[in-house]
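> Numbering-wise, my numbering comes out as the position in the sequence shown, counting from 1, plus 433.
Sharing a structure, written as structure tokens. Questions coming.
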Amino acid sequence: MIEIDASLFVVFVIVWILVFVLSKIFFKPLQRVMNERKSRIKGDRETFEKSMGAFEQTVSEIEAKLKEAKNQAQRIKEKFEREALKKREQMLTEISTETRNQIEEAKKQLEKQVESLKEKLESETERLAENIEQRLLH
């Protein structure tokens, strides 16, 4: 079996001294670094979550503003289309009226010309009749 003697006690003390020394030199600094890392990771995670919340809120605000801008652009477009249609109708009415006026003016001028030509034709007819009469009589 195992014999217990002074060397066992010495080994036991050396192991405890090693544990104590390693604990002071290696394990505690390592534990401290690990704890600092955990706290930094936790802080970074909280910062990330806050940033994500702010980002999502900003994105939703931008989307809402974009949607409103699209709606406003659509309303403006529809307004301009209505105004363009009104302007077109107004222009068509003006052109139609102007065309009717020009047609009426042309009719009046034609009537005057016809009347003038009738008068001229009558005077020519009378003159020709007199010429024929004179030729026949002479």
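Idealized CB from N, CA, C, for every residue including glycine.
All values derive from a computational prediction rather than experimental measurement.
1) How big is the Cα-Cα spacing for ALA487 and PHE445?
2) The alpha helix (DSSP H) that contains ASP477, what's its start and end?
3) Return helix, strand or coil for ILE450, following the three-state DSSP convention.
4) Return the CA-CA distance between LEU441 and LYS461, expressed in angstroms with no decimal places.
5) Would you identify the three-state DSSP class for ILE437, choosing helix, strand or coil?
6) With a threshold of 8 Å on Cβ separation, who are the neighbours of ARG521 within its own chain once the five nearest residues in sequence on each side are excluded?
Let me spell this out:
1) 58 Å
2) 461 to 570
3) helix
4) 27 Å
5) coil
6) none
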